[in-house]
Each structure stands twice: as structure tokens, then as C-alpha cells.
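Shown next, in C-alpha cells, is the structure this report addresses.
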Ligand SMILES: CCCCCCCCCCCCCC(=O)SCCNC(=O)CCNC(=O)[C@H](O)C(C)(C)COP(=O)(O)OP(=O)(O)OC[C@H]1O[C@@H](n2cnc3c(N)ncnc32)[C@H](O)[C@@H]1OP(=O)(O)O
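Residue numbers (full-length UniProt numbering): 1 to 221.
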């Protein structure tokens, strides 16, 4: 798994976000516009040519694979390629999850890009968002928990538009954490999930980050 340390402070994280988030938002707008536009074919062809030019510009310097997850030395994560939350990922709605007193919550608007049944949210998107939510609900002390089992129950179709997610831990057993998650619209819960999250036995990436921080601190003292 690609976890790495970036020795930067919070101000630098914010500076980078201030550049990439508006870019990602613009691409999200582009995706929505392509889905919903009713311009004529000549306009579609002209737009495609401009988009291809922009893609070529961005490909001038590229990472080999995915974005990976880097951490600052205080373990602020930068999972900017993440499919649900990534600041650089226009596929992500994006989900912004907050944890207060152990309960995770997120408000997000799911537009045309997340459609399954006409006018309603795709079941896979609901599962994706709930998977991320239960992951962040179970994560503690800078240790990730991986989804072992995710059981999703669709109670009724979720209309496209604003939705709320909420997750809470319902129990623990050794390295296992049990989490309940819900996705709701204005009229109540539409999808619920039960997850068994498992803290991996060994997480070498975390140990590698901690030993790199120790090495940097030694070099500075
Ligand atoms: C650096 C800090 C980072 C912080 C970032 C936080 C952000 C979070 C982002 C979130 C992102 C979103 C989240 C994502 O998208 S996570 C991505 C999707 N999930 C995966 O890819 C997981 C793939 N699977 C594995 O890696 C391993 O199989 C895991 C780690 C799950 C278990 O392998 P391990 O070798 O550790 O297991 P063990 O054999 O010692 O068994 C241990 C116990 O667990 C029980 N068990 C085993 N498997 C399952 C199962 N499938 N369901 C239910 N229970 C299971 C087993 O019976 C035993 O119980 P018991 O007998 O003791 O009672």
C-alpha cells in the first residue's frame, strides 16, 4: 500500500489544497455539464477538442499509478486521490466527514454524475459513500481499519440531491470494530449499512512513517 511521509506543515497543505480543489471542482462541473448539456453536435466536437488539449497539458508530468496517501509528521492524511473524499478526484462528490464525540457525519449533494435509477442515486455510489464513512468511523489512533464485511440494505430509492450520512461504532471485539452507517434524505433513512472493520495485524506503512519522522528529528537535533 502506498503510504508516505511528506515533511510539510499545515500552511503548505492548505496552500496546495487552495490550488487543486478549485481545479477539481471545475472538472466536477465539466462532468455535470457533459451529462446535462443540450448543445448541438458541432459544439460537442469543439468542446471535446478543447478538453483533449487540457488533458495533454496535465499529462506533461504524471505519477505512475494512483495518487497514494501521504501524511504529514502529525499524521494529517492527504488521501487526495480517494474515490469518495479525494481533493484531486472529480469522481468524489466529495465527501467531507466530521467526527464529533465518536459519531461521524457528512452532508453532500449528489448530482447527475451519481445517477442509477432515473433521478435517483446509484446503489454502488451509496455503498461507496457508506464504505468510506464506516472506515473513518472505525479509524482510531492513526490506525486504519479495513472493511472486512459491508452489508448494505436499500430501504427505498434515494433521490438525487442533498443527502446526509451518519456512522457510529456499535461494538468492538479484539481487532474488529462493528459500525452502523446510514444515508438519509430529507424524509429519513434510505440506505443503511452494517460493517465489520478490521485493524490489520501488521501495518508496516505506519511503522515506516514513524521511523522516518524519528530519523528526521535526529538529523535536526
Ligand atoms: C496511517 C494511518 C491511516 C488512517 C486512515 C484512516 C482513513 C480510513 C479510510 C477508509 C477507507 C474505506 C475502507 C475501505 O475501502 S478498505 C478497502 C476494502 N477492504 C479491503 O480491501 C480489505 C481486504 N482484506 C484484508 O486486508 C484482510 O482480509 C483483513 C485486514 C480484512 C483481515 O485480515 P487479518 O489477517 O487481519 O484477519 P485475521 O484472519 O487475522 O482475522 C481477524 C479477525 O477478523 C475476522 N475476519 C477476517 N476477515 C474478515 C472479513 N472479511 N469479514 C469479517 N470478519 C473477518 C476473523 O474471523 C477474525 O475474527 P476472530 O476469529 O478473532 O473473532
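Here a beta-carbon is modelled for each residue, glycine too, at the ideal position from N, C-alpha and C.
Residue 22 lies in the alpha helix (DSSP H); which residues open and close that run?
Reading the chain shown from its first residue, position 22 is the one you call residue 22. First-last of the alpha helix (DSSP H) with residue 22: 10-36.
Keeping to the same chain, check which residues put their C-beta closer than 6 Å to that of residue 48; ignore five residues upstream and five downstream.
Walking along the chain shown from the start, residue 48 turns up at place 48. Answer for residue 48: no residue qualifies.
Would you decide whether residue 24 is buried or exposed? Buried here means 16 or more other CB atoms lie within 10 Å of its CB.
On the chain shown, position 24 is the one that residue 24 refers to. It counts as buried.
Excluding the five sequence neighbours on either side, which residues of its own chain have a C-beta within less than 7 Å of the C-beta of residue 32, listed in chain order?
Looking up residue 32 in the chain shown gives position 32. Cβ neighbours of residue 32 beyond the five flanking positions: 111, 112, 113.
Residue 76: beta carbon under 7 Å from a heavy atom of ligand 1?
Walking along the chain shown from the start, residue 76 turns up at place 76. No, Cβ of residue 76 sits at least 7 Å from all heavy atoms of ligand 1.
Rounded C-beta distance between residue 180 and residue 170? I'm assuming under 8 Å.
Here residue 180 corresponds to residue number 180 of the chain shown, with the count starting at 1. Here residue 170 corresponds to residue number 170 of the chain shown, with the count starting at 1. Rounded, the Cβ-Cβ distance is 5 Å, consistent with contact.
With residue 73 as the anchor, note down where its alpha helix (DSSP H) starts and where it stops.
Working through the chain shown from its first residue, we reach residue 73 at position 73. Counting along the chain, residue 73 falls outside any alpha helix (DSSP H), and DSSP gives it neither H nor E.
So within the UniProt domain "Thioesterase" (118-191), which uninterrupted alpha helix (DSSP H) runs reach at least 4 residues, ignoring any that extend past its ends?
Whole alpha helix (DSSP H) segments, 4+ residues: 123-138.
Please classify residue 88 as buried or exposed, where buried requires at least 16 neighbouring CB atoms within 10 angstroms.
Counting from one through the chain shown, the residue named residue 88 turns up at place 88. Residue 88 is buried by the Cβ-count criterion.
Confirm the yes/no value for this check: CB of residue 1, any heavy atom of ligand 1, distance under 7 Å.
If you number the chain shown from 1, residue 1 lands on position 1. Answer for residue 1: no, Cβ out of range of ligand 1.
Going by DSSP, which residues form a beta bridge with residue 198?
Locating residue 198 in the chain shown gives position 198, counting from the first residue. Looking at the DSSP assignment, residue 198 forms a beta bridge with 146, 176.
May I ask whether a heavy atom of ligand 1 can be found less than 7 Å away from the beta carbon of residue 172?
Counting from 1 along the chain shown, the entry for residue 172 is found at position 172. It does not: the Cβ of residue 172 is nowhere closer than 7 Å to a heavy atom of ligand 1.
Report the option in 115, 2, 90, 200 whose CA atom is closest to the CA atom of residue 36.
Here residue 36 is taken as the residue at index 36 of the chain shown, counted from 1. When each option's Cα is compared against that of residue 36, the closest is 115.
If you follow the beta strand (DSSP E) that residue 105 is part of, which residue opens it and which one closes it?
Taking the chain shown and counting its residues from 1, one reaches residue 105 at position 105. First-last of the beta strand (DSSP E) with residue 105: 103-110.
Can you tell me where the beta strand (DSSP E) holding residue 4 begins and where it ends?
Your numbering for residue 4 matches position 4 in the chain shown. That run of the beta strand (DSSP E) goes 3-5.
Helix, strand or coil, according to DSSP, for residue 193 in the structure here?
Translated into the one-based positions of the chain shown, residue 193 becomes position 193. In the structure shown, residue 193 sits in a strand (DSSP, three-state: E or B).
Which two residues bound the contiguous alpha helix (DSSP H) that contains residue 91?
As a first step, residue 91 must be located in the chain shown, where it is residue number 91. From DSSP, residue 91 is part of no alpha helix (DSSP H); its letter is neither H nor E.
Could you work out which residue in 82, 121, 210 is closest to residue 75 when comparing CA atoms only?
Counting from 1 along the chain shown, the entry for residue 75 is found at position 75. For the residues 82, 121, 210, the minimum Cα distance to residue 75 belongs to 210.
Which term fits residue 102, buried or exposed, when burial requires 16 or more other beta carbons within 10 angstroms of its beta carbon?
As a first step, residue 102 is located in the chain shown; it is residue number 102 there, counting from the start. Exposed.
In the structure shown, what three-state DSSP assignment does residue 39 receive?
Locating residue 39 in the chain shown gives position 39, where the first residue counts as 1. Residue 39: coil per DSSP, three-state reduction.
I need the DSSP call for residue 99, collapsed to helix, strand or coil.
Sequence index remark: in the chain shown, residue 99 carries index 99 (1-based). Three-state DSSP puts residue 99 in a strand.
Kindly identify the DSSP beta-bridge partner or partners of residue 115.
Mapped onto the chain shown, residue 115 falls at position 115. Its beta-bridge partners are 121.
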